[in-house]
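Reading through the structure tokens given below for one structure.
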Amino acid sequence: MTMQTRKRVGQIALFIVTLLVAIIFFFPIFFNLMSAFKSNAEIMKDAIAFPKTLYLDSFKYLLTETEFPRAILNSLILTAVSIAAQVLIIPMAGYAIERRNARWTRFIFVYFLAGMMIPFQAYMIPLFKELRMLGLYGSLAGPILIYVAGAVGFGCLLYTSFVKGIPREIEEAAEIDGCSRYAIFWKIVFPLLGPVTASMVVLNGLGIWNDFLMPMLVLPSGQAKTMVVEIYRYIGEFSSRWDMIFAGTAMSVVPVLIVFIALQKYFVKGIASGATKG
Amino acid sequence: MATSAVNADKSLIGTVQQKKKRKKWQSYALLFILPSFILYTLFVIVPTVGSVYLSFTSWDGISENVRYIGFANFVEIWNSPRVHNALKNTMIMTISLVVLENIAAIAMAMMVDKVRWFRNLFRSVFYFPTLLSGIVMGFVWAMILNYNFGVFNQILESVGLGSWIVDWLGNPKYAMLSIILSTVWKGAGYYMIIYLAGLQGIPQELNEAASIDGAGGWQQFRHITFPLLAGSMTVCMVLSMISALKIFDQIAVMTDGGPGFETETLTYIIYKVGFGELRQGFGTALAMVLFLIILIITVFQVKVLQKREVQL
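Protein chains in written order, with my numbering: chain A, 1 to 278; chain B, 1001 to 1312.
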């Protein structure tokens, strides 16, 4: 064999192996989406077969007879408001910590970073109690505040390291022109931080959308929670109605799939920058 | 004489102005940091301190009186077979996940780095499962592995491996394995992206030079790629370990800690004891133990792994 053909054979072999692995990786998602369009009897009879008809009753049932629509709305509100609040306050803190380099800001920075080491399970029980004391138990405000607080450490770490890369001269020029600190930050610095903000939005947004333990604990029972918590509830409640659960999980997978396809490069960039800075 | 007086005057004005400016700056910095500071203190630090306190009590989570019992919870943790079992499970799960996820991630990163066709599509397919919630993916796997109607057993049957059919989640021997492998499926894509970034940072000339010197594929991997991936590896090992120690959602959906206590980990037992059995004092004591374990292992791991990193 010549070098050329050997390379070619190697490429084809590699392609086939990669394709096989990719099929294994895609199968569970494909199986989930496919099963969502089958009736319960069809699933029980032959789980692997394609749906014979486009069975939509389980979607209809979930959307009209259960708390699912409310749960979708809750998930959307929780994610959107938490992310907006994070983007509003965390970059400011990161900027001030980097630019005003004093002993007390360095101390605050370390204080914020310490939080990254604390797992949620380590403080969830008192947190639950604290929300009750503050009268926040049962409203969406509780989880929102918790999400923002939980993102401070990593967010500050990301933002301070990116602010370092922005030349101070730009800000000084604006200051001479009579700009206030707020204006300098929001009009000049913040737009320059766009890439970091994009990765934070994508990564934290996903984390909040998918979170389970916290919303389950702090949103009261008997009331619609988030999509993920609702699906978990259905697994217990509809334990013999697989069609229902498949429809619910499919509805939570599809939005993620759409957002992923649209914003793919931010996901990848977010991980890469998050990993190296973390 | 006169000019130097003027100069001194000027510089005096200068410092006064600077001081004024600095003062203004300080108040801005304070205002910029304050919202984050208040929220973080209120919803991370205060409850953590509360946890430290509660771990010395026998609080049930409901009643008004919180009774201080000293180190009794920690003594019980030390002596409890159930906690030891959970600790053992946590260790098995963490070690297997760190090893398997990183091997899979490096292999996948090399595949998508080298493959010539549909490279981006493959990358997306490998990466996508990491975007799903643990609950959703745990459920889908629970359905696939179901003993009676699950697809996996059906596939085994149809390819003539009917004798391999077992109750993957209900059998104590296989429950842990099922959770570990499905978590590798879910998690490896994330680390793949980090390794891919690392691979792309390795100059092509190194491999070319080695190949001219007669080094084969494995030798190139062993002596060039692997050492130069050490930086990515530090990050991936630490991240995969922390997430393995905190694994929760999959267990909640796939086995609920069972069969028996076969898949009960430290994070799961904290939840079960605190909210299921209403022993929140004991639960927070366990949480403190988890926190300490994470802290110690992370510091240790970063120290050890950073030693073997090679700088380009």
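Ideal Cβ placement from N, Cα and C applies to all residues, glycine included.
Between residue 1283 of chain B and chain A, the shortest Cβ-Cβ separation is below 8 Å. Fewer than three beta-carbon pairs drawn from the region 1283-1294 of chain B and the region 1210-1220 of chain B are found closer than 8 Å, and the two stretches are therefore not classed as touching. By the Cβ test, the region 76-89 of chain A is in contact with the region 141-159 of chain A, since at least three Cβ pairs between them sit closer than 8 Å. Taking 8 Å as the upper bound on Cβ-Cβ separation, chain A lies near no residue of the region 1163-1182 of chain B.
The three-state secondary structure of residue 1127 of chain B, taken from DSSP, is helix.
In this structure, the straight-line span from the alpha carbon of residue 107 of chain A to that of residue 101 of chain A is close to 10 Å. Taken in chain order, the complete beta strand (DSSP E) segments of 3 or more residues contained in the region 1145-1195 of chain B number zero; there are none. For the C-beta of residue 1150 of chain B, the chain A residues within less than 8 Å are, from N- to C-terminus, 47. In this structure, residue 1283 of chain B lies near residue 1273 of chain B, with their beta-carbon atoms less than 8 Å apart. Residue 1121 of chain B sits exposed, since fewer than 16 C-beta atoms from the chains shown fall within 10 Å of its C-beta. Rounded to the nearest whole angstrom, the C-alpha separation of residue 220 of chain A and residue 256 of chain A is 26 Å.
The C-beta of residue 6 of chain A has fewer than 16 other C-beta atoms within 10 Å across all chains shown, which makes the residue exposed. Leaving aside the five residues that flank residue 70 of chain A on each side, the residues in its chain whose CB is nearer than 8 Å to its CB run, in chain order, 224. In this structure, the straight-line span from the alpha carbon of residue 29 of chain A to that of residue 1140 of chain B is close to 8 Å. Counting along the chain, the unbroken alpha helix (DSSP H) around residue 1076 of chain B starts and ends at 1072-1079. Neighbourhood of residue 4 of chain A in chain B, by CB distance below 9 Å: empty, with the nearest CB roughly 14 Å away. Here DSSP, grouped into helix, strand and coil, assigns residue 1068 of chain B to strand. Per the DSSP secondary-structure output, residue 1057 of chain B pairs in a beta bridge with B:1068. Among the residues facing chain A, residue 1040 of chain B is included, as its CB has a counterpart in that chain under 8 Å away. B:1177 is the residue among B:1211, B:1177 and B:1280 whose C-alpha sits nearest the C-alpha of residue 1089 of chain B. For the region 241-252 of chain A, residues whose beta-carbon sits nearer than 7 Å to a beta-carbon of chain B comprise 242, 245, 249 and 252. Within the same chain, Cβ atoms closer than 7 Å to the Cβ of residue 98 of chain A are found at 160, 163 and 164, the five residues on either side in sequence being excluded.
Against chain B, a Cβ distance below 7 Å from residue 40 of chain A picks out nothing, because the smallest value is about 10 Å.
Secondary structure at residue 207 of chain A: helix, using DSSP grouped into helix, strand and coil. At least 8 Å separates the beta-carbon of residue 1270 of chain B from that of residue 1245 of chain B. By the Cβ-count criterion, residue 177 of chain A is exposed, with fewer than 16 other Cβ atoms from all chains shown falling within 10 Å of its own Cβ. Taking the C-beta atoms as reference points, residue 137 of chain A is found nearer than 8 Å to residue 218 of chain A. Excluding its 5 nearest sequence neighbours in each direction, residue 22 of chain A has no C-beta neighbour in its own chain below 7 Å.
Any Cβ of chain B closer than 8 Å to the Cβ of residue 137 of chain A would place that residue at the interface, and such an atom is absent. Residue 76 of chain A and residue 39 of chain A have their C-alpha atoms spaced approximately 28 Å apart.
Under the three-state reduction of DSSP output, residue 103 of chain A falls in the helix class. Within its own chain, the residues whose Cβ lies closer than 7 Å to the Cβ of residue 67 of chain A, once the five positions on either side in sequence are excluded, are 224 and 230, listed in chain order.
When only Cα atoms are considered, residue 1278 of chain B and residue 1058 of chain B end up about 10 Å apart. Leaving aside the five residues that flank residue 247 of chain A on each side, the residues in its chain whose CB is nearer than 7 Å to its CB run, in chain order, 36, 58, 59 and 62. Proximity of residue 115 of chain A to chain B, defined by a Cβ-Cβ separation below 8 Å, is satisfied.
Listed in chain order, the non-local C-beta contacts of residue 180 of chain A below 7 Å within the same chain number zero, local neighbours out to five positions each way being set aside.
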